[in-house]
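Visitor: Residue numbers (the working numbering): 3 to 333.
By construction, the Cβ of each residue, glycine as well, lies at the ideal position given by its N, Cα and C atoms.
Treat the numbers as computed from the prediction; the structure is a model and nothing was measured.
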Amino acid sequence: MSVSLTHYLSQNLDQDEIGKAVKDTVLSLCNSSKIIAQALSVNGLTDAQFGDQIGGLNADGDSQKALDVLADKAIIQEISNYPVAAYFSEEQDEALLLDKNGSLIVCVDPLDGSSNIDNNLSVGTIFSILPRQAELFEPDYLMADALQPGKNQLASGFFVYGPQTSLILTTGNGIAGFILSGDDFVQMEWQPSLQESSDQFAINMSNMRHWAPQARDYIQKCLDGLEGAFARNYNMRWCGSLVADAWRIFRQGGIFLYPEDNRQNYHAGRLRLIYEANPIAFLVEQAGGRASDGKTPILQIKPQAIHQRIPLIFGCRKDVLNYELHHSNKP
Ligand code: AFP
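(1) Using the three-state DSSP reduction, which class does P141 fall into: helix, strand or coil?
(2) Does the beta-carbon of R265 have 16 or more other beta-carbons within 10 angstroms, so that it is buried, or is it exposed?
(3) Using 7 Å as the cut-off, classify the Cβ of Y277 as near or not near the heavy atoms of the ligand AFP, replying yes or no.
(4) For N83, tell me which candidate among Y236, F258, S105 has the shortest Cα-Cα distance.
(5) List the endpoints of the continuous alpha helix (DSSP H) containing S124.
(6) Could you pull out every residue in the same chain whose Cβ sits closer than 6 Å to the Cβ of L7, ignoring the five residues on either side in sequence?
(7) By the DSSP assignment, the alpha helix (DSSP H) with C109 in it spans what residues?
(8) Give every residue of the same chain whose Cβ lies closer than 8 Å to the Cβ of F252, excluding the five residues on either side of it in the sequence, and list them in chain order.
(9) So the beta strand (DSSP E) F316 belongs to, where does it begin and stop?
(10) Y89 to D74, Cα distance in whole Å?
(11) Tell me which same chain residues have a C-beta within less than 8 Å of the C-beta of L29, skipping the five on either side of it?
(12) Does DSSP classify T172 as helix, strand or coil?
(13) What do you get for H329, buried or exposed, if any count of 16 or more other CB atoms within 10 angstroms of its CB means buried?
(14) Mind reading off the beta-carbon distance from N154 to P141? Whole number of angstroms is fine, and I expect it under 8 Å.
(15) How big is the Cα-Cα spacing for A233 and A214?
(16) In whole angstroms, what separates the C-alpha of E287 from that of G57?
(17) Rounded to whole angstroms, what is the Cα-Cα separation between P85 and D18?
(18) How is the alpha helix (DSSP H) around V286 delimited, first residue to last?
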């Protein structure tokens, strides 16, 4: 019989107050995901131009789309009813202080893959839940809480708005996948996992000339196939939405790479440490895989700023270790 998300969360989290707070917060994020999925389902109608650029640039210097803003607001509205002390979002410059007695810090990329909104391709919401440590309910203290290393996360996950609305989640006890069926998220028959190694890689190949020689060398060996050093034929996939690539990797295996490169503003890669890399890395490790910046496991890195970028390499453990080996070679 199918297990509902609520039942799954109760079994994993009802033991103590902080667990209950995480459970309520995940369920509130599910409510916002339904609002976002509903908006996307009518995108393109006259009154629903959610891929339109509105306003200026977000905190990361990316252009803001109408759905970025809608998603951010939907999440704030839902989590405001729960014990969340502060909300950090890729769409906000600063912390948003919510419940002074709240025990949690929530960091979110409200709409990942926004350049795909008008292409009818999968996009998503990524979240990370951390424990509040600061006693004082003041921006500077709560900011320090958002900068905890990812290994402190209590839960993380991502929703994908695609052919199905779905959720891949960890509460630190393995990883589980759910799809929205009617009004409830229900556990899927197959469960996300990561085998030791694979024959798929995901990278934006158009940047090859900008990468460091070590990254070029690794990908070249994948391209060389059976006749090359890796002695394996590889397939390549790149969705342009981290959530969709991550979903596929949890289903089929593979390695995802967004390394640093020599373009302006890409010297630390493209993805954000606390909104994207940390939550994905927590899921990956809970599934038996590996996530690093090419040198150091993501979950061990102490963030220096809330919008910090980081090179992100994740997926099957042996593939990521092999990339790290190449990365450490002198060019
Ligand atoms: P947008 O949300 O601005 O579309 O960025 C998506 C993203 O952060 C991530 O989901 C993708 O993996 C990555 O950027 C794609 O980046 P490129 O466009 O450089 O390939």
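Guide: Working from what's here:
(1) Start at 1 with the first residue of the sequence shown, and residue 141 comes out as number 139. Correct three-state label for P141: helix.
(2) Stepping through the sequence shown from its first residue, residue 265 is reached at position 263. Exposed, because fewer than 16 other Cβ atoms sit within 10 Å of the Cβ of R265.
(3) Taking the first residue of the sequence shown as position 1, residue 277 is located at position 275. No, the Cβ of Y277 stays beyond 7 Å of every heavy atom of the ligand AFP.
(4) Locating residue 83 in the sequence shown gives position 81, where the first residue counts as 1. Here the closest residue by C-alpha is S105.
(5) Walking along the sequence shown from the start, residue 124 turns up at place 122. According to the DSSP assignment, S124 belongs to no alpha helix (DSSP H), since it is labelled neither H nor E.
(6) Mapped onto the sequence shown, residue 7 falls at position 5. Excluding positions up to five away in sequence, the list reads F180, F187.
(7) For the purposes of this step, residue 109 is identified with residue 107 of the sequence shown, where counting begins at 1. Counting along the chain, C109 falls outside any alpha helix (DSSP H), though it belongs to the beta strand (DSSP E) covering 106 to 114.
(8) Working through the sequence shown from its first residue, we reach residue 252 at position 250. The residues are I170, I177, G179, P194, S195, L196, L285, A289.
(9) Taking the first residue of the sequence shown as position 1, residue 316 is located at position 314. Segment 314 to 317, the beta strand (DSSP E) holding F316.
(10) Position 87 of the sequence shown, counted from the first residue, corresponds to residue 89. Position 72 of the sequence shown, counted from the first residue, corresponds to residue 74. Taking the straight line from one Cα to the other gives about 10 Å.
(11) Against the sequence shown, residue 29 aligns to sequence position 27. Counting only Cβ-Cβ distances below 8 Å, and skipping sequence neighbours, we find L7, T8, L11.
(12) For this step, residue 172 is matched to residue 170 along the sequence shown. Note: T172 maps to strand in three-state DSSP.
(13) Here residue 329 refers to the residue found at position 327 of the sequence shown. Answer is buried; the Cβ neighbour count reaches 16.
(14) For the purposes of this step, residue 154 is identified with residue 152 of the sequence shown, where counting begins at 1. For the purposes of this step, residue 141 is identified with residue 139 of the sequence shown, where counting begins at 1. N154 to P141, Cβ: 20 Å. No contact.
(15) Start at 1 with the first residue of the sequence shown, and residue 233 comes out as number 231. Start at 1 with the first residue of the sequence shown, and residue 214 comes out as number 212. Rounded to the nearest angstrom, the two C-alpha atoms are 23 Å apart.
(16) Reading the sequence shown from its first residue, position 285 is the one you call residue 287. Reading the sequence shown from its first residue, position 55 is the one you call residue 57. Taken atom to atom, the span from the alpha-carbon of E287 to that of G57 is near 37 Å.
(17) Within the sequence shown, the letter at position 83 stands for residue 85. Within the sequence shown, the letter at position 16 stands for residue 18. Approximately 14 Å, taken between the alpha carbons.
(18) Locating residue 286 in the sequence shown gives position 284, where the first residue counts as 1. Per DSSP, V286 belongs to the alpha helix (DSSP H) from 280 to 288.
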